[in-house]
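This report concerns only the one structure given below.
Numbering (the numbering used here), first residue to last: 3 to 150.
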């Protein structure tokens, strides 16, 4: 980070620069809506797991956590989109900076989710063969009574 503090960010944009920022705001809003929708869908599908008292109950807690993070990421992108649009219309530097900070938060949480996903995938692939349970082979499947 720079040690200097700026009183204001001065951006002088031509039409092409403003169009690029408008496109960024538009796609931020679209991606924000997608993330928020996926978070809601993930949360709704994990509620039956939460209400079930079986072994699958443990899966619902991280699922609800991830759905909350996805919804938060979607809200951050929607707010960033609004900040960027306001910065163009009002020519206000602080709005633009607020939008960039929200996009930075989105990338931070996105990176965290990817890393957690890769770690969980690695754990499943490495610990899966140790569990003594495997997929049935073709010889183990009883085909009597099955017609093709």
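Just so it is clear, CB atoms sit at the ideal spot from N, CA and C, and this is done for glycine as well. The structure presented is a predicted model; accordingly, all values stated were derived computationally and were not measured.
Any idea if residue 86 is buried or exposed, counting beta-carbon neighbours within 10 angstroms, 16 or more meaning buried? buried
Assuming residue 72 is part of the alpha helix (DSSP H), what are its boundary residues? 59-92
At a cut of 8 Å, does the region 96-104 reach the region 117-131 through at least three beta carbon pairs? Output reads no: the region 117-131 does not touch the region 96-104.
May I have the straight-line CA-CA distance separating residue 38 from residue 60, to the nearest angstrom? Roughly 23 Å between the two C-alpha positions.
Does the distance from the C-beta atom of residue 115 to that of residue 71 stay below 8 Å? yes
Mapping the DSSP letters down to three states, classify residue 100 as helix, strand or coil. helix
Closest to residue 107 by CA distance: which of 129, 76, 69 is it? 76
Look at the alpha carbon of residue 41 and the alpha carbon of residue 73, and state the distance between them as a whole number of angstroms. 5 Å
Beta carbon of residue 69, beta carbon of residue 51: below 8 Å? no
Quick one: grab the DSSP three-state call for residue 16. coil
Check whether the Cβ atoms of residue 31 and residue 79 lie closer than 8 Å to each other. Against a cut-off of 8 Å, the Cβ pair of residue 79 and residue 31 comes out as a contact.
Alpha carbon to alpha carbon, what distance is there between residue 28 and residue 35? 11 Å
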